[in-house]
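Asks: Have a look at the structure that comes next, please.
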Amino acid sequence: MDLDVARIEQALQVIDPVFLDTPQYLDEQLCRALGGRAVTVKLETANPVRSFKGRGADLMLSTLAPGTPVVCASSGNFGQAVAYAGRARGMPVEVFVPETVNPGKRERMETFGARVIAAGPDGSSAREAAAAHAEHHPDRVHLQDGVQAAIAEGAGTIGAELTRGAPAGFDAVVLPVGDGALINGVARWMKEQAPGTRIVGVNAEGAPSMSESLRAGRPVRVERARTFADGIAVRHPTEASVRRALALVDEMVLVTDEAIADAMELAARTLGVVLEPAGAAGLAAIAEGTVPGARVATVLTGANPRPEQFRDLATRLTYGRTRAFDTDSTDTGTSSPIPNDSGHDHHAPRRKAQ
């Protein structure tokens, strides 16, 4: 295992404090809405990049010499984090994004000083373009979310904070899974420090690449990602990420876009937090009843919704679930409104993937 618990511990002294010691708490209204279960939420959105990605990006860049040029691909949140951490270290940052990137995320990357290059119709095209660019410019360091150990170890500091903030521990920790850095880093810490805690990953039902990969025991490419949760719409997880997850993750579950939208609404009503779809995926799995355990924790991973998702969430909060929805999106973050749950039985059990 190339992820190291001692390095995760040390990372707490290295990562920019603006990303650390995030709130984690039990909200009574949320717990009542979830049937009285003790559900701890950890809020990773109250920071300059509005997501957990700052931890891994900041730790990764701390391993490089100041001023080192870096290049990466991103649907938005990782690119923001690299741009923010790179600016603090005088590092030129280039981020390759899909053509349909969330415009708000692109604007924030540029605000932090990154050069943003649109490359192709989806996230896979952006990753290929970033790799080719790095190959032709050997002075640049190619950062790959889910590949470099430091990125996952930075995310693993969330696990350290979870255990220290809850001495009684958890039956399960439930985490959204995109490129896998978050779940692998947190799981590495938990397996060492809280081995009785079950690690549950969540894929969107329309983008089950990690779920299928763990079932197959190798990276599996799905033909298309059909989900409005662009942050976890990954068609092909990396070999390094799958290898780690095979050793660390106990279970994968799938949630529909409708369940994610319900969780976004639930978070807004009970916590007063506006999440992006990927940021609500863990909460969706808990609300759907797919994760057993009396004491459960989840990480609210991001709060950078697309402009139309802000609008549609406001509509749901004001008028109820009235909008139609087209889930025909890819891992690019293609524009999609928040779905209507009409025609779906949300009390039916969701499909699990072992």
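For reference, each letter of the sequence shown is one residue, going 1 to 354 in full-length UniProt numbering.
Virtual Cβ for every residue (Gly too), placed ideally from N, Cα, C.
For clarity, every value in this text was computed on a predicted model and none was experimentally measured.
Return the first residue and the last residue of the beta strand (DSSP E) that A73 is part of.
Replies: Here residue 73 corresponds to residue number 73 of the sequence shown, with the count starting at 1. It spans V70 to A73 - the beta strand (DSSP E) in which A73 sits, taken as one unbroken run.
Asks: Counting only runs of 4+ residues fully inside the region 107-178, write out the alpha helix (DSSP H) ranges in chain order.
Replies: You should have 123-136 and 149-165.
Asks: What's the call for G36, buried or exposed, on a 16-neighbour Cβ count within 10 Å?
Replies: For the purposes of this step, residue 36 is identified with residue 36 of the sequence shown, where counting begins at 1. Exposed is the call here.
Asks: Taking the alpha helix (DSSP H) that R306 belongs to, which residues open and close that run?
Replies: Stepping through the sequence shown from its first residue, residue 306 is reached at position 306. From DSSP, R306 is part of no alpha helix (DSSP H); its letter is neither H nor E.
Asks: Below 8 Å, can you find three or more Cβ-Cβ pairs linking the region 146-160 to the region 83-102?
Replies: Too few Cβ pairs lie closer than 8 Å, so no.
Asks: Could you tell me whether the region 81-101 touches the region 124-139, using the rule of 3 or more Cβ pairs below 8 Å?
Replies: The answer is yes - the region 124-139 touches the region 81-101, with three or more Cβ pairs under 8 Å.
Asks: Is it the case that the region 37-49 contacts the region 285-304, given that we only count it when at least three CB pairs across the two stretches are under 8 Å?
Replies: They touch, by the three-pair rule.
Asks: What separation, rounded to the nearest whole angstrom, lies between the Cα atoms of L59 and E110?
Replies: Counting from one through the sequence shown, the residue named residue 59 turns up at place 59. Counting from one through the sequence shown, the residue named residue 110 turns up at place 110. So the alpha carbons of these two residues sit roughly 21 Å apart.
Asks: Is DSSP giving Q13 helix, strand or coil here?
Replies: Here residue 13 is taken as the residue at index 13 of the sequence shown, counted from 1. Here Q13 sits in coil by DSSP.
Asks: What do you reckon, are the CB atoms on P305 and V273 nearer than 8 Å?
Replies: For this step, residue 305 is matched to residue 305 along the sequence shown. For this step, residue 273 is matched to residue 273 along the sequence shown. The answer is no: Cβ separation not under 8 Å.
Asks: Starting from A280, trace the beta strand (DSSP E) in both directions and tell me its first and last residue.
Replies: Translated into the one-based positions of the sequence shown, residue 280 becomes position 280. Segment: none, A280 is in no beta strand (DSSP E) and carries neither H nor E.
Asks: If we count Cβ pairs, one from each stretch, closer than 8 Å, do we get three or more for the region 255-264 versus the region 284-297?
Replies: Counting Cβ pairs under 8 Å, three or more are found: they touch.
Asks: Who are S51's beta bridge partners in DSSP?
Replies: Within the sequence shown, residue 51 is the residue found at index 51, counting from 1. Answer is G302.
Asks: Using only the alpha-carbon positions, how far apart do G343 and D2 sit?
Replies: Residue 343 sits at position 343 when you count from the first residue of the sequence shown. Residue 2 sits at position 2 when you count from the first residue of the sequence shown. For G343, the predicted model reports a pLDDT of 35, less than 50, meaning its position is unreliable; a value from the coordinates is still stated below. Each residue's alpha carbon lies about 46 Å from the other.
Asks: Suppose you measure from the CA of T327 to the CA of G67; what does that come to, to the nearest Å?
Replies: Working through the sequence shown from its first residue, we reach residue 327 at position 327. Working through the sequence shown from its first residue, we reach residue 67 at position 67. Confidence at T327 is low in this model, with a pLDDT of 43, below 50, so the placement of that residue should be treated as unreliable; the coordinate-derived value is given next. Distance between the alpha carbons of T327 and G67: 42 Å.
Asks: Please state whether the Cβ-Cβ distance between I199 and M190 is less than 8 Å.
Replies: Mapped onto the sequence shown, residue 199 falls at position 199. Mapped onto the sequence shown, residue 190 falls at position 190. In this structure, M190 lies closer than 8 Å to I199 by Cβ.
Asks: Around the Cβ of Q309, are there at least 16 other Cβ atoms within 10 angstroms (buried) or fewer (exposed)?
Replies: As a working mapping, residue 309 is identified with position 309 in the sequence shown. The residue in question, Q309, is buried, as its Cβ has 16 or more Cβ neighbours within 10 Å.
Asks: Are there 16 or more other CB atoms within 10 angstroms of the CB of D21, so buried, or fewer, so exposed?
Replies: Here residue 21 is taken as the residue at index 21 of the sequence shown, counted from 1. Exposed is the call here.
Asks: If you draw a straight line from the alpha carbon of D250 to that of N184, how long is it in whole angstroms?
Replies: Residue 250 sits at position 250 when you count from the first residue of the sequence shown. Residue 184 sits at position 184 when you count from the first residue of the sequence shown. Going from the Cα of D250 to the Cα of N184 covers about 11 Å.
Asks: Would the region 48-55 and the region 16-31 be scored as touching if the rule is three or more Cβ pairs under 8 Å?
Replies: Cβ pair count under 8 Å is three or more, so yes.
Asks: Are L12 and T157 close, meaning C-beta to C-beta below 8 Å?
Replies: As a first step, residue 12 is located in the sequence shown; it is residue number 12 there, counting from the start. As a first step, residue 157 is located in the sequence shown; it is residue number 157 there, counting from the start. Contact: yes.
Asks: Going straight from the alpha carbon of M91 to that of P292, what length do you get?
Replies: Locating residue 91 in the sequence shown gives position 91, counting from the first residue. Locating residue 292 in the sequence shown gives position 292, counting from the first residue. When rounded, the distance between both Cα atoms is 45 Å.
Asks: What's the call for T63, buried or exposed, on a 16-neighbour Cβ count within 10 Å?
Replies: The residue you call residue 63 lines up with position 63 of the sequence shown. Looking at its Cβ environment, which holds fewer than 16 other Cβ atoms inside 10 Å, T63 is exposed.
Asks: By alpha-carbon positions, which one of P167, A247, L214 and A160 ends up nearest to Q10?
Replies: Residue mapping note: residue 10 aligns to position 10 of the sequence shown, counting from 1. The shortest C-alpha separation from Q10 is found at A160.
Asks: Measure the Cβ-Cβ separation of T227 and G206 and say whether it is below 8 Å.
Replies: For the purposes of this step, residue 227 is taken as the residue at position 227 of the sequence shown. For the purposes of this step, residue 206 is taken as the residue at position 206 of the sequence shown. Taking 8 Å as the Cβ cut-off, T227 and G206 qualify as a contacting pair.
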